[in-house]
Amino acid sequence: MRFNEIARQLSGASKKVLAERLKAMEENKLITRKVISSKPVAVQYTIADRGLSALSILEVLKTWTIENNL
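Just so we're aligned, residue 1 is where the sequence shown starts under UniProt numbering, counting upward by one.
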């Protein structure tokens, strides 16, 4: 996904905070970042293998928060 696509899906999050979080996830090898040479230049983020391995845990946590109205 491109940065702006992610930002649109996360309404309410500032772009600065989103950029910081994406950078942290990249540093922790949860996502990969690819610069696409287009006009304007675009950046695409993809979930990495390490991030994929955490998906089942996150799904359980998501279900728990919904069930507990959090």
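Glycine included, every Cβ here is placed at the ideal spot set by N, Cα and C.
Apart from the five residues on each side of it in sequence, which residues of its chain come closer than 8 Å, Cβ to Cβ, to residue i?
i, result
"S11", "none"
Tell me the DSSP secondary structure of residue i in three-state form.
i, result
"K29", "coil"
"V17", "helix"
"A42", "strand"
Ignore the nearest five residues each way along the sequence and tell me which others in residue i's own chain have a CB closer than 7 Å to its CB.
i, result
"K29", "A48 and R50"
Starting from the C-beta of residue i, find all residues in its chain whose C-beta is less than 6 Å away, skip the five residues before and the five after it, and write them out in chain order.
i, result
"S14", "none"
Measure how close the beta-carbons of residue i and residue j come, nearest whole angstrom, since I'm counting them as under 8 Å.
i, j, result
"R8", "A42", "Going by Cβ atoms, the distance from R8 to A42 rounds to 14 Å, so no, they are not a contact pair."
Open item on the list: For the stretch 43 to 57 against the stretch 24 to 34, do three or more pairs of beta-carbon atoms, one drawn from each stretch, fall closer than 8 Å, so that the two count as touching?
Closed with: yes
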